[in-house]
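What follows is a set of notes on a single structure, which appears directly below.
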Amino acid sequence: KLKKFIGLMNSKRVALFINERYLNLPVNLVPALLRGVIEDIDFTKQQDDIEDPSDFDFDYFLGIAKLSANDLYYKPEEERFVEK
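Each residue of the sequence shown is one higher than the one before, starting from 9 at the first, in this note's numbering.
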């Protein structure tokens, strides 16, 4: 799998997205925030001072973010069903 990953990284245009602000955000907010990043990139491509908008054409986004696995629930109410 590592060879496949490295091959993908070498053959495709991959944007690296590093963010630690997603730590402890409600899960339902993350998709909207990521859509906002894509919209920002699309906006940037349209600016007059960008020499080559194709520099911002990515095949994939690789996101790296901190998270706390202690209280990781898809929905906040799921916490009630976990035995402690």
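Glycine included, each C-beta is placed from N, C-alpha and C at the ideal position.
Using only the alpha-carbon positions, how far apart do residue i and residue j sit?
i: Leu-24; j: Gly-71; result: 6 Å
i: Thr-52; j: Glu-59; result: 11 Å
i: Pro-3; j: Asn-27; result: This structure gives no information on residue 3, because the portion of the chain shown stretches from 9 to 92.
i: Gly-44; j: Ala-73; result: 16 Å
i: Gly-15; j: Asp-56; result: 34 Å
How far does the beta strand (DSSP E) with residue i in it reach, from first residue to last?
i: Phe-25; result: 22–27
i: Leu-16; result: Element bounds for Leu-16: not the beta strand (DSSP E) but the alpha helix (DSSP H), 10–19.
i: Leu-70; result: 68–73
Using a Cβ-Cβ distance under 8 Å, would residue i count as near chain D?
i: Asp-63; result: The structure shown contains no chain D, having only a single protein chain.
When you compare the CB positions of residue i and residue j, do they come within less than 8 Å of one another, or not?
i: Val-22; j: Asp-67; result: yes
Comparing alpha-carbon positions, which option in the options lies nearest residue i?
i: Phe-69; options: Ile-46, Asp-50, Asp-57, Ser-62; result: Ile-46
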